[in-house]
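Numbering (UniProt numbering), first residue to last: 1 to 329.
Before any comments, here is the structure.
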Ligand SMILES: Cc1cc2nc3c(=O)[nH]c(=O)nc-3n(C[C@H](O)[C@H](O)[C@H](O)COP(=O)(O)O)c2cc1C
């Protein structure tokens with residue numbers, strides 16, 4: 001049977017080459033909508049448990065929240081994790097095909113013990129036959145393109161075998177975080193490993209790991225030959241990274257941003273957060289972002305210490321005002 005080539009990601013990456021990394025507890029719908037305003041156009045949701053959906057866990061469904069806006073001039077994939085091929089296929093058909101999400105991303109990179117001990121996330125990199133079946137089941141059940149996010153391996157770099165197994169299962173795009181599971185988030189990212197992945201892959205290949213400045217992202221994309229980059233933590237500290245990266249790769253003059261600009265962006269983020277967050281503790285939820293935005297601001301230790309007591313909307317604005325005072329002094 002001739003396999004019909006699916007060009008969804010090829011076409012997408014011709015226009016946009018930077019993806020906001022999925023980050024549990026961070027890349028919520030309000031955060032994605034904020035980053036969309038900041039110039040990012042490709043998103044992946046927080047990871048959603050296949051078993052959680054299968055057993056109808058009430059905590060799982062809110063993670064699937066999306067709205068029309070994030071599929072307008074931008075695309076958003078839903079990330080699922082799980083290791084039982086049949087369950088992965090079944091929840092795809094039952095719960096995901098009818099959503100507005102533009103594509104499905106399968107998590108094979110999560111290093112967390114509670115995930116790995118269940119055989120999920122990066123544990124699949126120890127059993128490539130199973131990894132292959134997971135992709136195959138999701139792909140055959142899915143009405144949407146399917147991407148997979150992996151690491152270089154579990155204990156050691158076996159990226160070529162991983163790419164072959166995942167591609168054989170039918171993946172339409174692969175993202176490689178250039179570390180093994182054993183490294184978690186420590187040590188250097190192995191960009192040569194990502195380069196090898198790109199040389200092995202015939203589907204679009206995305207480079208990920210420590211790309212925390214637009215120029216580094218551009219340089220490593222060029223070095224690895226990757227078709228695009230995925231940026232996670234760098235975007236938390238620097239909300240301008242996507243617009244700068246996009247300017248850089250299109251040969252435009254790259255705009256510079258001050259701390260003042262960052263705090264203005266943080267205010268915008270808070271407004272979007274208040275508008276779209278359905279979390280009962282939405283202000284508390286915003287604390288973590290405040291910690292990131294305050295980084296780099298001199299003499300802000302007192303403000304930093306007070307973030308943990310922020311419970312009310314006015315207290316967040318008070319923090320912004322105190323930062324304004326520092327920046328103006
Ligand atoms: C707080 C946090 C949550 C994360 N959650 C997920 C997740 O749900 N799914 C996933 O595939 N990766 C997750 N990751 C990994 C990131 O997507 C990314 O691969 C990693 O942070 C390396 O990229 P970076 O150096 O640009 O942050 C998470 C990372 C962080 C820091």
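We treat Cβ as the ideally placed atom computed from N, Cα and C, and that holds for glycine.
Taking C-beta to C-beta, are residue i and residue j nearer than 8 Å?
{"i": "residue 100", "j": "residue 230", "result": "no"}
{"i": "residue 97", "j": "residue 140", "result": "no"}
{"i": "residue 303", "j": "residue 284", "result": "no"}
{"i": "residue 333", "j": "residue 83", "result": "With the chain represented from 1 up to 329, any question about residue 333 goes unanswered, as that position is not in the structure."}
{"i": "residue 176", "j": "residue 158", "result": "no"}
For residue i, does the three-state DSSP call read helix, strand or coil?
{"i": "residue 46", "result": "strand"}
{"i": "residue 100", "result": "coil"}
{"i": "residue 108", "result": "strand"}
{"i": "residue 330", "result": "With the chain represented from 1 up to 329, any question about residue 330 goes unanswered, as that position is not in the structure."}
{"i": "residue 229", "result": "strand"}
{"i": "residue 200", "result": "helix"}
{"i": "residue 32", "result": "helix"}
{"i": "residue 242", "result": "helix"}
Can you pull the DSSP bridge partners for residue i?
{"i": "residue 173", "result": "147"}
{"i": "residue 217", "result": "The partner list for residue 217 (beta bridge, DSSP) is empty, contrary to what the question assumes."}
{"i": "residue 224", "result": "Looking at the DSSP assignment, residue 224 forms no beta bridge with any residue, so it has no partner."}
{"i": "residue 180", "result": "153"}
In chain order, what residues of the same chain lie with their CB nearer than 6 Å to the CB of residue i, ignoring the 5 residues before and after it?
{"i": "residue 63", "result": "46, 48"}
{"i": "residue 23", "result": "232"}
{"i": "residue 92", "result": "138, 141, 142"}
{"i": "residue 277", "result": "30"}
What are the start and end residues of the beta strand (DSSP E) that includes residue i?
{"i": "residue 205", "result": "205–208"}
{"i": "residue 76", "result": "75–81"}
{"i": "residue 158", "result": "From DSSP, residue 158 is part of no beta strand (DSSP E); its letter is neither H nor E."}
{"i": "residue 19", "result": "18–20"}
What does a CB cutoff of less than 7 Å around residue i pick up in its chain, not counting 5 residues either side in sequence?
{"i": "residue 163", "result": "174, 197, 200, 201"}
{"i": "residue 160", "result": "196, 200"}
{"i": "residue 4", "result": "Residue placement at residue 4 is poorly supported in this model, since its pLDDT is 47, which falls under 50; the coordinates still yield a value, given next. Same-chain partners within the cutoff: there are none."}
Kindly list the residues whose CB is nearer than 8 Å to the CB of residue i, restricted to its own chain and excluding five residues on each side of it in sequence; keep chain order.
{"i": "residue 37", "result": "268, 272"}
{"i": "residue 299", "result": "326"}
Which two residues bound the contiguous alpha helix (DSSP H) that contains residue i?
{"i": "residue 89", "result": "85–91"}
{"i": "residue 272", "result": "259–276"}
{"i": "residue 131", "result": "128–141"}
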